[in-house]
Amino acid sequence: MHIGVPLETQAGETRVAATPETIKKLISQGHRVTVQSGAGLHASVPDSAYEAAGAVIGDTNETYAAELILKVVAPDDEALSLIKSGSVVVGMLNPFNNELIGKMAARGITAFALEAAPRTSRAQSLDVLSSQANIAGYKAVLLAAHHYPRFMPMLMTAAGTVKAARVLILGAGVAGLQAIATAKRLGAVVEASDVRPAVKEQVESLGAKFIDVPYETDEERECAEGVGGYARPMPASWMQRQAAAVHERAKLSDIVITTALIPGRKAPVLLGAETVAQMKPGSVVIDLAAAQGGNCPLTVADRVVVEHGVTIVGHTNLPALVAADASA
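In structure tokens:
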């Protein structure tokens, strides 16, 4: 089979869909691989590394002429025009984008959206959502530390004792748990909240305090169990109680990292504008749901804004900031 690995052209996208290690495995199985020139440069992989692995370096047309095309993100209209009917595209294709799916179907393209892979042990090698969320959670803390105007750990200095930063993590999925672990390694005091009761033990095992919002009805308990590693939309009564709890904790926090997503739907609002208005000046909010509308209504996608003295970061592609490991 002829496999193509094109250069990602989406703004800010630095990852590449295959590394030299992957190429070696594909070629050892008898496949022919064409990598577009420069495809791996932003991920610290030069063309020479792909050539050493046995790949052929080609141009855009040669790469998209392949039978199987490996992509990080969905192809744009220009790329779609180069893909021949009957080809297969594999990548993070956003299966909820009906317009794109329709265009690929009209061109006779078979598409496999890796986001749709089940989040189970058996399919773990296909679970790109978890691998990329893990990186996003790590980078979110480093980004918060960059924007936070004080130290993260408690320090004893000649001028006195500097208190440790207080970090609040909203959503304890893969990204949230990695954010907890990274913030703890930097010496912060960490609290976390999630609708799913099962994650309380995981949060506490990482050294963070779990903010418990009790369930009062069977409907609330059923929704809290979630599906496929994601929470389901919670009843309004529970959301009001959680909002009150988050409001009180956020006012005391120096850094808030929000990570809550619901597949195919707008991200839930977890950090209201009125809460941000009462946070301490110099506080930082990192909204990992910025691409889906944000967990904070003040978030602006791909921008850093300051509201009420609080810095709100809406980066929509944090894994691209760690391109080498995100591509591996």
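Heads up, the sequence shown is in numbering that gives the first Met the number 0, so the first residue is 0 and it goes up one at a time. Every residue, glycine too, gets a C-beta built ideally from N, C-alpha and C.
Point to revise | Length of the line joining the Cα atoms of residue 65 and residue 200 | key: By one-based count along the sequence shown, residue 65 stands at place 66. By one-based count along the sequence shown, residue 200 stands at place 201. Their Cα atoms are separated by approximately 47 Å.
Review point. According to the neighbour-count rule (16 or more other Cβ atoms, all chains shown, within 10 Å of its Cβ), is residue 282 buried or exposed?
Key: In the sequence shown, residue 282 corresponds to position 283, counting from 1. Under this definition residue 282 is a buried residue.
Review point. Contact check, residue 171 vs residue 188 under 8 Å by CB: the rounded distance?
Key: In the sequence shown, the residue the question calls residue 171 occupies position 172. In the sequence shown, the residue the question calls residue 188 occupies position 189. Contact flag wrong, Cβ pair sits at about 16 Å.
Review point. Between residue 330 and residue 44, which are expected to be in contact by the criterion C-beta below 8 Å, what is the C-beta distance as a whole number of angstroms?
Key: Because the chain is modelled from 0 through 327, residue 330 falls outside the range shown and cannot be assessed.
Check your understanding: CB residue 70 to CB residue 52, shorter than 8 Å?
Key -> Along the sequence shown, one-based indexing puts residue 70 at 71. Along the sequence shown, one-based indexing puts residue 52 at 53. The answer is no: Cβ separation not under 8 Å.
Exercise for review: Kindly indicate which three-state DSSP category residue 2 falls into: helix, strand or coil?
Suggested key: Here the question's residue 2 lines up with position 3 in the sequence shown. Residue 2 falls in the strand class under three-state DSSP.
Check your understanding: If you follow the beta strand (DSSP E) that residue 91 is part of, which residue opens it and which one closes it?
Key -> As a working note, residue 91 is residue 92 in the sequence shown. Its beta strand (DSSP E) spans residues 87-91.
Check your understanding: What number of angstroms, rounded off, separates the C-alpha of residue 275 from the C-alpha of residue 322?
Key -> As a working mapping, residue 275 is identified with position 276 in the sequence shown. As a working mapping, residue 322 is identified with position 323 in the sequence shown. Answer to the nearest angstrom: the Cα atoms are 31 Å apart.
Exercise for review: Could you give the DSSP three-state label for residue 131: helix, strand or coil?
Suggested key: Counted from its first residue, the sequence shown places residue 131 at position 132. Of the three classes helix, strand and coil, the one that applies to residue 131 here is helix, per DSSP.
Check your understanding: Among 54, 9 and 120, which has the Cα closest to the Cα of residue 17?
Key -> Sequence index remark: in the sequence shown, residue 17 carries index 18 (1-based). Taking residue 17 as reference, the option from 54, 9 and 120 with the minimal CA-CA separation is 54.
Point to revise | Simplified DSSP assignment, three categories, for residue 103 | key: Here residue 103 corresponds to residue number 104 of the sequence shown, with the count starting at 1. Correct three-state label for residue 103: helix.
Check your understanding: Per DSSP, which one or two residues make a beta bridge with residue 192?
Key -> In the sequence shown, the residue the question calls residue 192 occupies position 193. DSSP output for residue 192 lists 169 as bridge partner(s).
Exercise for review: Could you round the C-beta distance between residue 210 and residue 192 to whole angstroms and report it? I think they count as a contact, below 8 Å.
Suggested key: For this step, residue 210 is matched to residue 211 along the sequence shown. For this step, residue 192 is matched to residue 193 along the sequence shown. Rounded, the Cβ-Cβ distance is 4 Å, consistent with contact.
Check your understanding: Going by DSSP, which residues form a beta bridge with residue 306?
Key -> Numbered from its first residue, the sequence shown carries residue 306 at position 307. According to DSSP, which records beta bridges pairwise, residue 306 is partnered with 309.
Point to revise | Collapsed DSSP secondary structure at residue 116 in the structure displayed | key: Residue mapping note: residue 116 aligns to position 117 of the sequence shown, counting from 1. It is coil, neither helix nor strand.
Review point. What residue ranges within the segment 4-84 form continuous beta strand (DSSP E) runs of no fewer than 3 residues, ordered along the chain?
Key: Secondary structure within the segment 4-84: the beta strand (DSSP E) runs of 3 or more consecutive residues, fully enclosed, are 31-35, 55-57 and 67-72 (chain order).
Exercise for review: Would you identify the three-state DSSP class for residue 181, choosing helix, strand or coil?
Suggested key: Here residue 181 is taken as the residue at index 182 of the sequence shown, counted from 1. Three-state result, residue 181: helix.
Exercise for review: For residue 126, count neighbouring C-beta atoms within 10 Å of its own C-beta (all shown protein chains included) and say buried if the count is 16 or more, exposed if not.
Suggested key: Walking along the sequence shown from the start, residue 126 turns up at place 127. So residue 126 ends up on the buried side.
Check your understanding: What are the boundary residues of the beta strand (DSSP E) that includes residue 284?
Key -> Taking the sequence shown and counting its residues from 1, the one referred to as residue 284 is at position 285. Its beta strand (DSSP E) spans residues 283-286.
Practice item. Indicate, with yes or no, if the ligand SAM has a heavy atom lying under 7 Å from the CB of residue 258. Key: Ligands displayed in this structure: none; no statement on the ligand SAM is therefore possible.
Check your understanding: Going along the chain, which residues of its own chain have a beta-carbon closer than 7 Å to the beta-carbon of residue 293, five neighbours each way excluded?
Key -> Translated into the one-based positions of the sequence shown, residue 293 becomes position 294. Cβ neighbours of residue 293 beyond the five flanking positions: 266, 286 and 313.
Review point. Along the chain, which unbroken stretches of the beta strand (DSSP E) at least 3 residues long are found entirely within the segment 237-304?
Key: Within the segment 237-304, the complete beta strand (DSSP E) segments of 3 residues or longer fall at 254-257 and 283-286, listed in chain order.
Review point. If you draw a straight line from the alpha carbon of residue 116 to that of residue 122, how long is it in whole angstroms?
Key: The residue you call residue 116 lines up with position 117 of the sequence shown. The residue you call residue 122 lines up with position 123 of the sequence shown. Computed Cα separation, rounded: 7 Å.
Check your understanding: Ordered along the chain, which non-local residues of its own chain (more than five positions away) have a Cβ less than 6 Å from that of residue 110?
Key -> Numbered from 1 along the sequence shown, position 111 holds the residue referred to as residue 110. So the list reads 88, 92 and 103, once near-sequence residues are dropped.
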